[in-house]
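Asker: Numbering-wise, my numbering comes out as the position in the sequence shown, counting from 1, plus 41.
In this text, a Cβ means the ideal position worked out from N, Cα and C, and glycines have one as well.
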Amino acid sequence: MKIEINEYLLKLFHLVKDLGDIDFFWGKAKLSRTEFRILWEVANEQCEGRDIISSELARRIGITRSAVSQIVAKLEKNGIVKRVGSEYDRKIAYIRLTDEAKETFMQQARQANEFAERVLAEFGRERLDKLLDESREFSELCYRLADPSKAAQ
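1) In this structure, what does DSSP give as the bridge partners for G1?
2) Can you confirm whether the stretch 145–159 touches the stretch 110–119 when touching is taken to mean that 3 or more C-beta pairs between the two stretches lie within less than 8 Å?
3) I'd like the ranges of any alpha helix (DSSP H) spanning at least 4 consecutive residues and lying wholly in the stretch 67–102.
4) Within 10 angstroms of the Cβ of L182, are there 16 or more other Cβ atoms? Answer buried if so, exposed if not.
5) By the DSSP assignment, the alpha helix (DSSP H) with D203 in it spans what residues?
6) Under the rule that 16 or more other beta-carbon atoms within 10 Å means buried, what is E45, buried or exposed?
7) Are the CB atoms of R137 and D174 within a distance shorter than 8 Å?
8) Using a threshold of 8 Å, state whether the C-beta atoms of V83 and S95 are closer than that.
9) Is A193 helix, strand or coil by DSSP?
10) Could you work out which residue in N47, K71, G103 is closest to T145 when comparing CA atoms only?
11) Helix, strand or coil for T145, going by three-state DSSP, please let me know.
12) So what's I63 in DSSP terms, helix, strand or just coil?
13) Using the beta-carbon count (16 or more within 10 Å), is Q111 buried or exposed?
Structure follows, in structure tokens:
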């Protein structure tokens, strides 16, 4: 039984690594996946007429605030994002896309959408929906069991 469990664990590790290694941009990306994900969150907030701060980006993406700060500093240096201070709280700086960066972001978003369309066409909507639903359920189960305070529930 222990060997079987270890085999499942190894397969899960490999699956997570393989999924993390997928290049949605076919090696043509101007931005890393994490940079793109940050821009995705910023762009979505801007489209809704809202601003976002680095601590919220860190929470959504699942990386440290320090990592977000370093990435945002790099993106800011490259003219992709800008920090805009809050008019109500001097400690708060909102992250926004620059006008120049919107085209870079949109180009990379189109590449990601093309990839998703190809996956959907080849894998099929029903199978993909089922996979995503079961993956979400599996992920929620793992998070619940990994948190000792929730394991007894």
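Answerer: Looking at the coordinates:
1) Examination of residue 1 is not possible in this model, given that the chain is present from 42 through 194 alone.
2) Under the 8 Å Cβ criterion, the stretch 110–119 does not count as touching the stretch 145–159, having fewer than three qualifying pairs.
3) The stretch 67–102 contains these whole alpha helix (DSSP H) runs: 74–88, 95–102.
4) The residue given as residue 182 occupies position 141 in the sequence shown. Around the beta carbon of L182, fewer than 16 other beta carbons sit within 10 angstroms, so the residue counts as exposed.
5) Residue 203 is absent from the structure shown; the chain starts at 42 and stops at 194.
6) Here residue 45 refers to the residue found at position 4 when the sequence shown is read from its first residue. Label assigned to E45: exposed.
7) In the sequence shown, the residue the question calls residue 174 occupies position 133. In the sequence shown, the residue the question calls residue 137 occupies position 96. No, they are not a contact pair.
8) Mapped onto the sequence shown, residue 83 falls at position 42. Mapped onto the sequence shown, residue 95 falls at position 54. Between V83 and S95, the gap from beta carbon to beta carbon reaches 8 Å or more.
9) As a position in the sequence shown, residue 193 is number 152, starting the count at 1. Reliability of the predicted coordinates at A193 is poor, the pLDDT of 46 falling under 50, and no value is obtained from them.
10) The residue you call residue 145 lines up with position 104 of the sequence shown. Closest option to T145, Cα to Cα, is K71.
11) Looking up residue 145 in the sequence shown gives position 104. T145 falls in the helix class under three-state DSSP.
12) Along the sequence shown, read from residue 1 onward, the residue named residue 63 stands at position 22. Taken through DSSP and simplified to helix, strand or coil, I63 comes out as coil.
13) In the sequence shown, residue 111 corresponds to position 70, counting from 1. Answer is exposed; the Cβ neighbour count stays below 16.
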